[in-house]
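A quick write-up on the structure given underneath.
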Amino acid sequence: MSAEIILGVGGGIAAYKACELLRLFTESGHRVRVVPTASALRFVGAPTWAALSGQPVADDVWSDVHEVPHVRLGQHADLVVVAPTTADLLAKAAHGLADDLLTNTLLTARCPVVLAPAMHTEMWEHPATVANVATLRARGVLVVEPAVGRLTGVDTGKGRLPDPAEIFAVARRVLARGVGAPADLAGRRVVVTAGGTREPLDPVRFLGNRSSGKQGYAFARTAVARGAQVTLISANVSLPDPAGVDLVRVGTTAELREATLKAAAEADAVVMAAAPADFRPAVYAPGKIKKADDGSAPTIELVTNPDIAAELGERRRPDQVLVVFAAETGDAEANGRAKLARKRADLIVINEVGTDKVFGADTNAATVIGADGSVTPMPEQSKGDLADGVWDLVVTRLSGRP
Ligand SMILES: Cc1cc2nc3c(=O)[nH]c(=O)nc-3n(C[C@H](O)[C@H](O)[C@H](O)COP(=O)(O)O)c2cc1C
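First residue of the sequence shown? That's 38 in the working numbering, and the numbers climb one at a time after it.
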């Protein structure tokens, strides 16, 4: 689907990254009108935006006045994305100021608005900015948490613009849900686990599994696009960091357990998409295990890891929604139902797995069974669409809970 997109650009050092975001939008067939601020034009000039978008570029309300651009641009947009959003723009948007074309557009837009702030940590954490972000979120504006990393100069901290490809991924999910779709996870804290844990055997070997983390990352991205505050606990995943998540990296099942139980204590919903290793070697060999002279193979004793999903089920508050997964190779539905009861979860996402199915693929098919007896078949679809389908079921269960 081709959409009318307004790409607002604020006067931050990350303005150059918006060129990449613009390309991602245009290359996927969208019509993009870039609306930079006057400060943004000091970082990247109008010819760059005009050439890359194939559209005229203005920053004030006095060009092409006969077309009334200060009203028309916002009115006709399917999506407004501002990247980078400066502290100044957050303040103006929160208070409804309209002294240039971008701020006018923000007031006239009735479509979803995604703001990707970028600034120094001090500016981001200032009570004025915190209050402005809260005001905007309460109004349904999607303010994507900045990433942690290198800032302008030598500083490091929270305030970095997420990767353009990841801002694009959030925008795509917002567009996929349609103009009228609410940010129905706004104000909710969710925890998503992703990837597969690895249990070290010696310094060079581990016992692991084939989980790529793609489905878990899709859950995290879609939750961000629906306004949630997301903690993503990632076990050995080599995918780009999704925009707007609080990312916690873990290696083993013990680490996954600790991070998940801690984050889940505050969460409205927990989605256990990670594949924890059920067993670990009883003994870790501090040196590489060598081949025996007679060629015989070593015997490796395993012990059972803690069952994180069952612990979450035991500890969860009655108002928390717990989603678990069953990767099954046999009688998937029967095994899944038994697991749902054992873990005391609200929903179980059952998929049949095999070497050529699900792992590492961009699509997935599943059956989702609810503790209330509901059965929702989800045919083969993108992992993002499947995640949105499961979030729909989570939102239904959250509504009515505080
Ligand atoms: C080199 C440089 C880098 C800047 N980077 C940022 C930034 O990343 N985020 C921010 O909020 N402001 C940043 N500023 C300050 C803004 O440019 C300034 O607040 C300006 O008024 C923003 O205008 P605008 O919101 O209309 O784009 C920077 C200024 C300079 C000179």
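Yeah, the Cβ is synthetic: ideal placement off N, Cα and C, and Gly gets one too.
In this text, all values refer to a predicted model and were calculated from it rather than measured experimentally.
Hey, would you say residue i sits closer than 9 Å to residue j, going by beta carbons?
{"i": "Thr289", "j": "Arg353", "result": "no"}
{"i": "Gln252", "j": "Asp305", "result": "no"}
{"i": "Asn169", "j": "His113", "result": "no"}
{"i": "Gly45", "j": "Thr74", "result": "yes"}
{"i": "Met160", "j": "Ala130", "result": "no"}
{"i": "Ala208", "j": "Ile50", "result": "no"}
{"i": "Leu127", "j": "Leu173", "result": "yes"}
{"i": "Val261", "j": "Leu116", "result": "no"}
{"i": "Trp86", "j": "Cys56", "result": "yes"}
{"i": "Val227", "j": "Val180", "result": "no"}
{"i": "Tyr53", "j": "Val81", "result": "yes"}
{"i": "Leu284", "j": "Ser275", "result": "no"}
{"i": "Gln312", "j": "Asn246", "result": "Note on residue identity: the sequence assigns Ala, not Gln, to residue 312. Yes, these two residues count as a Cβ contact at 9 Å."}
{"i": "Val360", "j": "Val308", "result": "yes"}
{"i": "Glu365", "j": "Asn342", "result": "no"}
{"i": "Asp101", "j": "Val432", "result": "no"}
{"i": "Thr404", "j": "Gly437", "result": "no"}
{"i": "Asp192", "j": "His157", "result": "yes"}
{"i": "Leu349", "j": "Lys380", "result": "yes"}
{"i": "Ala255", "j": "Ala223", "result": "no"}
Considering just the uninterrupted stretch of the beta strand (DSSP E) at residue i, what are its terminal residues?
{"i": "Gln266", "result": "266-272"}
{"i": "Met415", "result": "412-419"}
{"i": "Gly45", "result": "41-46"}
{"i": "Val69", "result": "68-73"}
{"i": "Val340", "result": "339-341"}
{"i": "Arg242", "result": "242-244"}
{"i": "Arg60", "result": "Unbroken run through Arg60 is the alpha helix (DSSP H), 54-64; no beta strand (DSSP E)."}
{"i": "Asp96", "result": "Element bounds for Asp96: n/a, residue is neither H nor E."}
{"i": "Glu236", "result": "236-239"}
{"i": "Ile317", "result": "Correcting the residue type first, residue 317 is Arg in the shown sequence and not Ile. Taken as a continuous stretch (DSSP letters only), the beta strand (DSSP E) holding Arg317 covers 316-318."}
Along the chain, where does the alpha helix (DSSP H) containing residue i start, and where does it finish?
{"i": "Ser90", "result": "83-90"}
{"i": "Gly281", "result": "No alpha helix (DSSP H) holds Gly281; DSSP gives it neither H nor E."}
{"i": "Asn401", "result": "No alpha helix (DSSP H) holds Asn401; the beta strand (DSSP E) holding it covers 400-407."}
{"i": "Ala442", "result": "The requested residue 442 is not part of the displayed model; the chain covers only 38 to 439."}
{"i": "Glu292", "result": "290-301"}
{"i": "Thr140", "result": "138-145"}
{"i": "Arg466", "result": "Nothing can be reported for residue 466: it is not among the residues displayed for the chain, which extend from 38 to 439."}
{"i": "Leu78", "result": "77-80"}
Compute the beta-carbon to beta-carbon distance between residue i and residue j, rounded to the nearest angstrom, for a pair I have assumed lies under 8 Å.
{"i": "Arg214", "j": "Asp383", "result": "Actually they are not in contact, since the Cβ atoms of Arg214 and Asp383 sit about 22 Å apart, beyond 8 Å."}
{"i": "Ala314", "j": "Leu244", "result": "6 Å"}
{"i": "Pro121", "j": "Pro149", "result": "With a Cβ gap of about 18 Å, Pro121 and Pro149 do not count as contacting."}
{"i": "Leu59", "j": "Ser90", "result": "6 Å"}
{"i": "Thr15", "j": "Gly421", "result": "In the structure as shown, the chain begins at 38 and stops at 439. Residue 15 is therefore absent and cannot be evaluated."}
Next on the checklist: Would you call the region 124-142 in contact with the region 82-94, where contact means no fewer than 3 C-beta pairs closer than 8 Å?
Outcome noted: no
Checklist entry - Between the region 402-411 and the region 370-389, are three or more C-beta pairs nearer than 8 Å? => result yes
Item to check | Inter-stretch contact at 8 Å, needing at least 3 Cβ pairs: the region 216-230 / the region 323-330 | outcome: no
Checklist entry - Any chance the region 294-303 sits against the region 189-200, with 3 or more Cβ pairs inside 8 Å? => result no
Next on the checklist: Restricting to runs no shorter than 3 residues, where is the beta strand (DSSP E) found entirely within the region 152-225?
Outcome noted: 184-187, 193-197
Next on the checklist: Give the list of continuous alpha helix (DSSP H) stretches no shorter than 4 residues that lie fully inside the region 109-136.
Outcome noted: 124-132
Checklist entry - Counting only runs that start and end within the region 349-385, where is the beta strand (DSSP E) found for 3 or more residues in a row? => result If only complete runs of 3 or more residues are kept, the region 349-385 shows the beta strand (DSSP E) at 358-365, in order along the chain.
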